[in-house]
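Quick note: to get our numbering, add 1465 to the position in the sequence shown (first position is 1).
Report on one structure; see the data block that follows.
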Amino acid sequence: MSHGALLAVAAGGVALLLLMIIKAKIQPFVALVVVSIGVALTAGVPAAELVATIEEGMGSTLGHIATIIALGAMIGRIIELSGGAASLAHSLMERFGEKRTPLALTAAGFLLGIPVFFEVGLIILMPIAYGVARASRKPLLVYALPMGAAMLTVHAFLPPHPGAVAAATTIGADQGWVLLFGIPVTAVVILLGYLLAKRMTRREYPMTADVYAKVFGDGDGSENEAGSEAGPAPKGAVAGAVEGAENPPSFGMVVSLIVTPIVLILLGTIGTNFLSEGSALRAVLTVLGAPMVALLVAAALAAYFLGARRGWSSARISEVMGSALPGVAMVILVAGAGGVFGKVLVKTGIGDAVADVLDRTGLPLLALAFAMTMLLRAVQGSTTVALVTTAGLITPLLQRTDLSPQQLALVCLAMGAGGLSVSHINDAGYWMFTRLVGLEVGDGLRTWTVLTTAMGVAGFLLTSLLWLVV
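Below you can see the structure in the form of structure tokens.
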């Protein structure tokens, strides 16, 4: 099949994918698998090889990311139900002081956003923002806007979040380098977002009557109602919160558990790059620094220090860790289906055809990665789907270049910047945030959408500056 025909098949496949997700409201996992099958058959993959191609794409992707995402979710769940998340937020507020409470909640969003998924983080921290706004009689958006944007930034940029892990795995980027560059980039982007949100919230935006009553009314049941806006609380969440409230873990303990896997992964990357090949220390750091092992160590430590040592039975620890899995199962499958789509693009030769077109545009790789991810994010709404789809499309082009591990990590971060941008009415996270803070659609676009897009562009510019020095 000619390059022109392959490109037409690719364009049709992406268009069908978007129609299925946006118009027909078909679950992204199903849509990705159906489109992958259709593209494979149309582009000439023999029927006898179709199933093997799908299994190879799914297996090679999930072999890398399923365990990482699941263990990350377990760590976050233990921190959540032990009361560690609330303890972290309140400790930061005490340290920053009353005048800097918005900055403290932003820092809490950054730290908590590493092990906890965006939606769960909002449910955990929003009642705290409600209480602070009620006590200060200041608009809720002053506290909630930079806090929510911080969690979404971490969700788009950093492992162990599914989009970042899937993108890094697909393009072959080392997650240690992604973290080494990504943590400072994310921190700066969040700080810039905080400063921009501070300007935005000088103007007071009207709140819907129900949220206004929750925040500034008598306060009865506000925490439970905040959770009900986004659906029922996860199984065990209420009981867990009560357990943690009686004897919450210390600030230092929670932060230590959050940074443990990050430090191990970074040490593994440093050992691989700077220690001699036969070194015993390098071998040890390589094992401990593998993302799966690092997160397994952190999960075991969290289970002991936040669970067993504080009176949880083995059955309770098992229940809590198990309760993290239903929430991430579909995310894992979406990432795996993205791997199938990427495998089909390679198998059919579409990847090379797309790479030729992208190469002829003359745009730098970083700009292509950012623009493609931002476009897909704007069109279909999901950060994870945008990242895995872009990774599959751009990988053949990356394979033609001689990029260093550091440059591959920066490409991954540029994609994360695109995935952060343009959160609007087709994004579930947009609706969750605007409903919890009581914003009308127009005001949500003027605040949340503008802020996330500005932060995404800032992340891309910072990544571009790093590209000049690696």
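C-beta atoms are modelled at their ideal positions from N, C-alpha and C, and glycine is treated no differently.
Whole-angstrom distance between residue j and residue i, CA atom to CA atom
| i | j | result |
| --- | --- | --- |
| S1888 | P1756 | 29 Å |
| S1687 | V1653 | Note that S1687 scores 38 on pLDDT, short of 50, meaning its location in the model is unreliable; the coordinates nonetheless yield the value given after this. Between S1687 and V1653, the C-alpha separation is close to 33 Å. |
| A1768 | F1582 | 18 Å |
| L1878 | V1853 | 13 Å |
| A1600 | F1622 | 33 Å |
| G1574 | S1741 | 39 Å |
| V1563 | L1771 | Rather than Val, the amino acid found at residue 1563 in this sequence is Glu. Looking at the two C-alpha atoms, the distance is approximately 28 Å. |
| V1498 | A1674 | 43 Å |
| A1691 | I1487 | Model confidence at A1691 stands at a pLDDT of 37, short of 50, so the residue's coordinates are unreliable and nothing is read from them. |
| T1826 | V1720 | 45 Å |
| Y1895 | L1746 | 46 Å |
| G1641 | L1875 | 12 Å |
| A1856 | V1728 | 26 Å |
| G1509 | G1803 | 20 Å |
| T1725 | L1732 | 11 Å |
| T1723 | L1576 | According to the sequence provided, residue 1723 is Ile. The question's Thr does not apply to it. The straight-line gap from Cα to Cα measures roughly 8 Å. |
| M1612 | L1916 | 12 Å |
| R1560 | K1679 | 27 Å |
| V1619 | G1586 | 11 Å |
| T1571 | M1466 | 52 Å |
| W1932 | V1922 | 15 Å |
| A1759 | V1902 | 36 Å |
| M1897 | I1859 | 31 Å |
| G1743 | A1512 | 47 Å |
| A1531 | G1628 | 12 Å |
| L1873 | V1643 | 8 Å |
| H1468 | G1503 | 18 Å |
| I1797 | L1471 | 29 Å |
| T1838 | V1850 | 9 Å |
| G1478 | I1815 | 11 Å |
| A1836 | G1881 | 11 Å |
| L1926 | L1904 | 30 Å |
| M1485 | T1848 | 17 Å |
| F1494 | L1527 | 13 Å |
| W1913 | E1584 | 15 Å |
| L1605 | M1672 | 9 Å |
| A1919 | T1635 | 27 Å |
Burial state of residue i, where buried means 16 or more other Cβ atoms lie within 10 Å
| i | result |
| --- | --- |
| P1649 | exposed |
| P1714 | buried |
| D1892 | buried |
| A1765 | exposed |
| K1812 | buried |
| R1842 | buried |
| A1554 | buried |
| V1799 | buried |
| P1592 | buried |
| I1776 | Checking the sequence, you will find Gly at residue 1776 rather than Ile. The residue in question, G1776, is exposed, as its Cβ has fewer than 16 Cβ neighbours within 10 Å. |
| V1597 | buried |
| E1669 | exposed |
| V1607 | buried |
| G1717 | exposed |
| L1833 | buried |
| I1890 | exposed |
| G1884 | buried |
| V1869 | According to the sequence as given, residue 1869 is Ser; it is not Val. When all chains shown are included, S1869 counts as exposed. |
| S1778 | exposed |
| Y1939 | Outside the shown range of the chain, which is 1466 to 1935, sits residue 1939, and nothing can be said about it. |
Proximity test, residue i beta-carbon vs the ligand PLP heavy atom, cut-off 7 Å
| i | result |
| --- | --- |
| V1719 | The ligand PLP is not part of this structure, which contains no ligands at all. |
Any chain C beta carbon closer than 8 Å to residue i
| i | result |
| --- | --- |
| G1682 | Within the model displayed, chain C is absent; a lone protein chain is all it includes. |
Inset, instruction - Starting from the N-terminal side, write out each stretch of the alpha helix (DSSP H) that is 4 residues or longer and does not extend beyond the region 1594-1665. - result: List check, alpha helix (DSSP H) in window: 1605-1622, 1627-1636 and 1640-1665.
Legend entry - Three or more C-beta pairs below 8 Å linking the region 1539-1548 and the region 1777-1797: These segments touch.
Inset, instruction - Could you tell me whether the region 1806-1815 touches the region 1515-1531, where touching means 3 or more Cβ pairs closer than 8 Å? - result: For the pair of segments examined, the region 1806-1815 was found to touch the region 1515-1531: the number of CB pairs separated by less than 8 Å reaches three.
Inset, instruction - Could you tell me whether the region 1746-1755 touches the region 1717-1737, using the rule of 3 or more Cβ pairs below 8 Å? - result: Touching, yes, given that three or more Cβ pairs across the two stretches are closer than 8 Å.
Inset, instruction - Give a yes or no on contact between the region 1900-1913 and the region 1854-1865, applying the rule of three or more CB pairs nearer than 8 Å. - result: Short answer: they don't touch.
Inset, instruction - Mind the definition here: the region 1655-1674 touches the region 1821-1840 only if three or more C-beta pairs lie below 8 Å; say whether that holds. - result: Contact between the region 1655-1674 and the region 1821-1840 is not established, with fewer than three Cβ pairs separated by less than 8 Å.
Inset, instruction - Jot down the residue ranges of each uninterrupted alpha helix (DSSP H) in the region 1757-1804, minimum 4 residues, whole runs only, in chain order. - result: You should have 1779-1788.
Inset, instruction - Could you name each continuous alpha helix (DSSP H) segment of 4 residues or more that falls completely within the region 1870-1934, going from the start of the chain to the end? - result: The region 1870-1934 contains these whole alpha helix (DSSP H) runs: 1870-1885, 1893-1902, 1906-1909 and 1915-1932.
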